[in-house]
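Peer 1: Just so we're aligned: the sequence shown equals residues 441 to 761 in this note's numbering. C-beta atoms are modelled at their ideal positions from N, C-alpha and C, and glycine is treated no differently. One structure follows; several queries about it will come next.
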Amino acid sequence: MLRALQFAFAGLALLVSAARADDYPSRPVTLIVPFPPGGSTTVMARNVADKMSAALGQQIVVDNRGGAGGTLGTRFVAKAVPDGYTILLSYTATMAIAPAMNANAGYDPGSDLAPIGMIGFAPSVLVTHPSLPVRSIAELISHAKAASAPLQYGSPGVGTVNHLAFEYLATETGMKLQHVPYKGNGPAMSDLLGGHITMMFLPIPVALGNIKAGTLRALAIASARRTSLLPDLPTVAESGVPGFEVALRYGLAAPAGTPPAVIARLNKELNAALAAEDVKARLATEGAEALPGTPEAYAADIAGEEKKWGGLVKKLGLKVE
441 MLRALQFAFA
451 GLALLVSAAR
461 ADDYPSRPVT
471 LIVPFPPGGS
481 TTVMARNVAD
491 KMSAALGQQI
501 VVDNRGGAGG
511 TLGTRFVAKA
521 VPDGYTILLS
531 YTATMAIAPA
541 MNANAGYDPG
551 SDLAPIGMIG
561 FAPSVLVTHP
571 SLPVRSIAEL
581 ISHAKAASAP
591 LQYGSPGVGT
601 VNHLAFEYLA
611 TETGMKLQHV
621 PYKGNGPAMS
631 DLLGGHITMM
641 FLPIPVALGN
651 IKAGTLRALA
661 IASARRTSLL
671 PDLPTVAESG
681 VPGFEVALRY
691 GLAAPAGTPP
701 AVIARLNKEL
711 NAALAAEDVK
721 ARLATEGAEA
731 LPGTPEAYAA
741 DIAGEEKKWG
751 GLVKKLGLKV
761 E
């Protein structure tokens, strides 16, 4: 009798879940951006939120909840009710790097979050001060290996993609490098322009004006393929470091346990938004490229990024217990 009741309740729960999915969404959806307003994550969220809102018939409200390198907002979504009404702007730093660096991040991307789909990716460009006598990755590697002291590079902080990209490059090439961390891209770029540090990985839109003006020299793009913003610039992989790829990856995720039908609906409308020409144009101004796909494809991408950055964080001894 007890087993029969258990089966009955389980069946009723499934029916209720299906009914909720069929009715989804019946009220506004909150999209948590785990960083302060104004950054690339907010731009990415707003780029797709309006289009998705129109298709869903309910507003997607963008809610910035910054703190602790993005882990506070991400943890909030991971612990939220899995009904599709609280979703996350997911990002390389929070899905692959922060959990590897911080033992107390409070969430596991693989078990606490359900991927909805990728929005796109934004590669960085390796730029140097013109005083550095190199014009290619091959020349940079040779110069760094021959130098009497490690070449200094800047980043907006320890554990950022900008920082780890150089450590990844050093690991792959044997270059001798010294990290100079700053509190943000702004002060780091000021020192780069002043010649106080020799190089940085920067978002393409941030560096583009200085590249065109000749105040910074672009050596290579960190993505797997070239970008339309700098079509004549080779990739790092093309330049003698096979397989090298570093790009900021943006997507949407929901709390684990969100009904598959809800995930499927959100994925459908996300991909439709990414197919719109105005959305693709806005992404391009951020140096990003749309990358629609399935939840399964995004889950595999997250797993790959976790493996790459997690292994590097462990090797560098950056994990904080």
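Contact defined as beta carbons within less than 8 Å: I believe P555 pairs with P699. What is the distance between those atoms, to the nearest angstrom?
Peer 2: About 14 Å separates the two Cβ atoms, so there is no contact after all.
Peer 1: Quick check on the burial criterion: 16 or more other C-beta atoms within 10 angstroms. Buried or exposed for H636?
Peer 2: exposed
Peer 1: Looking at G744: is its Cβ nearer than 8 Å to the Cβ of M558?
Peer 2: no
Peer 1: Roughly how many angstroms separate the alpha carbons of N504 and G478, rounded to a whole number?
Peer 2: 10 Å
Peer 1: Roughly how many angstroms lie between the CA atoms of K708 and R666, to the nearest whole one?
Peer 2: 28 Å
Peer 1: Three or more C-beta pairs closer than 8 Å, one from the region 540 to 547 and one from the region 720 to 729: is that the case here?
Peer 2: The answer is no - the region 720 to 729 does not touch the region 540 to 547, with fewer than three Cβ pairs under 8 Å.
Peer 1: Taking its Cβ as the centre, do 16 or more other Cβ atoms sit within 10 Å of D462, making it buried, or is it exposed?
Peer 2: exposed
Peer 1: Please tell me whether V598 and A647 are closer than 8 Å, where the distance is taken between their beta carbons.
Peer 2: Taking 8 Å as the Cβ cut-off, V598 and A647 do not qualify as a contacting pair.
Peer 1: How many Å lie between G750 and D490 at the Cα?
Peer 2: 34 Å
Peer 1: On the DSSP bridge list, what partners appear for D503?
Peer 2: I472
Peer 1: At what residues does the beta strand (DSSP E) containing G560 begin and finish?
Peer 2: 553 to 568
Peer 1: Straight-line CA distance for Y738 to T532?
Peer 2: Computed Cα separation, rounded: 12 Å.
Peer 1: Would you please state the rounded distance, in angstroms, between the beta carbons of L553 and A518? I believe it to be under 8 Å.
Peer 2: 6 Å
Peer 1: Is the CB-CB distance between R486 and V502 below 8 Å?
Peer 2: Yes, they are a contact pair.
Peer 1: Can you tell me where the alpha helix (DSSP H) holding V620 begins and where it ends?
Peer 2: Run containing V620: none in the alpha helix (DSSP H); it sits in the beta strand (DSSP E), 617 to 621.
Peer 1: Note down the Cα distance separating L395 from T511, rounded to an integer number of angstroms.
Peer 2: No answer is possible for residue 395: the residues shown for the chain start at 441 and end at 761.
Peer 1: Just the Cα atoms here: how many angstroms apart are V645 and S576?
Peer 2: The amino acid occupying residue 645 in the given sequence is Pro; Val does not appear at that position. The straight-line gap from Cα to Cα measures roughly 21 Å.
Peer 1: Based on the DSSP secondary-structure assignment, which residues constitute the bridge partners of F641?
Peer 2: L566
Peer 1: From Y593 to P474, what distance separates their C-alpha atoms?
Peer 2: 27 Å
Peer 1: On the criterion of 16 or more Cβ atoms from any shown chain inside 10 Å, does D672 qualify as buried, or is it exposed?
Peer 2: Of the other Cβ atoms in all chains shown, fewer than 16 fall within 10 Å of the Cβ of D672; this residue is therefore exposed.
Peer 1: State the beta-bridge partners of S530 as determined by DSSP.
Peer 2: S530 pairs with G691.
Peer 1: Restricting to Cα atoms, I'd like to know which of V469, T481, V483 is closest to E492.
Peer 2: Sequence inspection shows Met at residue 492; the Glu mentioned does not correspond to that position. Taking only the C-alpha atoms, the option nearest M492 is V469.
Peer 1: Just grab the DSSP bridge partners of A660 for me.
Peer 2: L566
Peer 1: Short of 6 Å in beta carbon distance, which residues of its chain neighbour V620, apart from the five on each side in sequence? Order them along the chain.
Peer 2: Q592, G594, I637
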